[in-house]
Amino acid sequence: MRHYLGIDVGSVSLKFVLLRGDELVGKAYLKNQGLIATVQNGLRQLPKVKVSGVGVTGSGKEFVKALVGADYTNTEIMAHVVASLKEYPGVRTILDIGGEDSKLMLVKDALLAGFQMNRDCGGGTGSMIETIAA
Numbered sequence: 001m002r003h004y005l006g007i008d009v010g011s012v013s014l015k016f017v018l019l020r021g022d023e024l025v026g027k028a029y030l031k032n033q034g035l036i037a038t039v040q041n042g043l044r045q046l047p048k049v050k051v052s053g054v055g056v057t058g059s060g061k062e063f064v065k066a067l068v069g070a071d072y073t074n075t076e077i078m079a080h081v082v083a084s085l086k087e088y089p090g091v092r093t094i095l096d097i098g099g100e101d102s103k104l105m106l107v108k109d110a111l112l113a114g115f116q117m118n119r120d121c122g123g124g125t126g127s128m129i130e131t132i133a134a
C-alpha cells in the first residue's frame with residue numbers, strides 16, 4: 001500500500017502526518033524554528049518509507065511545496081473542511097485558532113458555506129494565548 005505525507009506549515013508550528021491508506025503510521029509536531037530546519041527535523045522523525053505523494057497546507061505552503069517537491073497544496077480552510085467532514089460527517093462549524101489568525105468555517109450539506117477570518121490584530125489567536133499562559 002502507498003504512503004502519503006501531509007504537512008501543515010503554520011507560523012508557530014509545523015505538523016507532519018504520514019499515512020498508509022487511512023492508517024496513521026507517523027506524525028510529528030515541531031515549533032517553527034525556521035522553515036528549512038523545521039522541515040528537515042520533521043522529516044527525520046517519520047518512518048523511512050517510499051512516499052507516493054506529498055500535500056502541503058498552511059501559511060508557508062508554497063515555500064515548503066518547493067522545498068520538498070510536493071505534489072499538491074490547498075488552503076488551510078479547505079484542508080480543515082475536508083478533514084473535519086472525514087472525521088465528523090455531520091460537522092457544521094469549524095473553528096481554527098492559529099498563531100496569527102483565527103478562522104470560523106461554516107459547513108452546509110458537506111460543503112463550505114462560508115468563512116470569516118481575523119487578520120487585523122493578534123487578539124484571539126494562538127500567539128496571544130501562548131503569551132498570556134507564559
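Just so you know, we're using the UniProt record's numbering here: the sequence shown kicks off at 1 and counts up by one. Backbone N, C-alpha and C define an ideal beta-carbon position, used for all residues, glycine too. Please read all numbers here as calculations on a predicted model, not as lab measurements.
Starting from A66 and walking both ways along the alpha helix (DSSP H), at which residues does that stretch end? The count along the sequence shown starts at 1 and reaches residue 66 at position 66. Its alpha helix (DSSP H) spans residues 61-68.
Nearest to K55 (by Cα), restricted to the options K65, D96, M78: Position 55 of the sequence shown, counted from the start, is the residue given in the question as residue 55. Residue 55 is actually Gly in this sequence, not Lys. Of the candidates K65, D96, M78, the one whose C-alpha sits nearest the C-alpha of G55 is K65.
With a threshold of 6 Å on Cβ separation, who are the neighbours of V51 within its own chain once the five nearest residues in sequence on each side are excluded? Here residue 51 is taken as the residue at index 51 of the sequence shown, counted from 1. Excluding the 5 residues flanking it on each side, V51 has same chain C-beta neighbours closer than 6 Å at H3, L5, in chain order.
Suppose the cutoff is 7 Å on Cβ atoms and the five residues either side in sequence are ignored; what does the same chain contact list for A113 look like? Translated into the one-based positions of the sequence shown, residue 113 becomes position 113. Correct list, in chain order: L106, V107.
Reducing DSSP to helix, strand and coil, say where V107 ends up. Residue numbering aside, residue 107 sits at position 107 when the sequence shown is read from its first letter. V107 falls in the strand class under three-state DSSP.
For the structure I just gave you, are there three or more beta carbon pairs, one from the segment 72-91 and one from the segment 30-45, closer than 8 Å? Counting Cβ pairs under 8 Å, fewer than three are found: no touch.
Please classify T93 as buried or exposed, where buried requires at least 16 other C-beta atoms within 10 Å of its C-beta. Taking the first residue of the sequence shown as position 1, residue 93 is located at position 93. That one is exposed.
Can you tell me the Cα-Cα spacing of G60 and V25, whole angstroms? Against the sequence shown, residue 60 aligns to sequence position 60. Against the sequence shown, residue 25 aligns to sequence position 25. When rounded, the distance between both Cα atoms is 24 Å.
Over what stretch of residues does the alpha helix (DSSP H) that includes L85 continue unbroken? Locating residue 85 in the sequence shown gives position 85, where the first residue counts as 1. Where L85 is concerned, the enclosing alpha helix (DSSP H) stretches over 76-87.
Quick check on DSSP: helix, strand or coil for Q116? Taking the first residue of the sequence shown as position 1, residue 116 is located at position 116. The answer is strand: DSSP assigns Q116 an E or B state.
Cut-off 7 Å between Cβ atoms - residues of its own chain near Y29, not counting five sequence neighbours on either side: Within the sequence shown, residue 29 is the residue found at index 29, counting from 1. Correct list, in chain order: S13, K15.
In three-state terms, what does DSSP make of R92? Position 92 of the sequence shown, counting from 1, holds the residue named residue 92. Coil at R92, not helix or strand.
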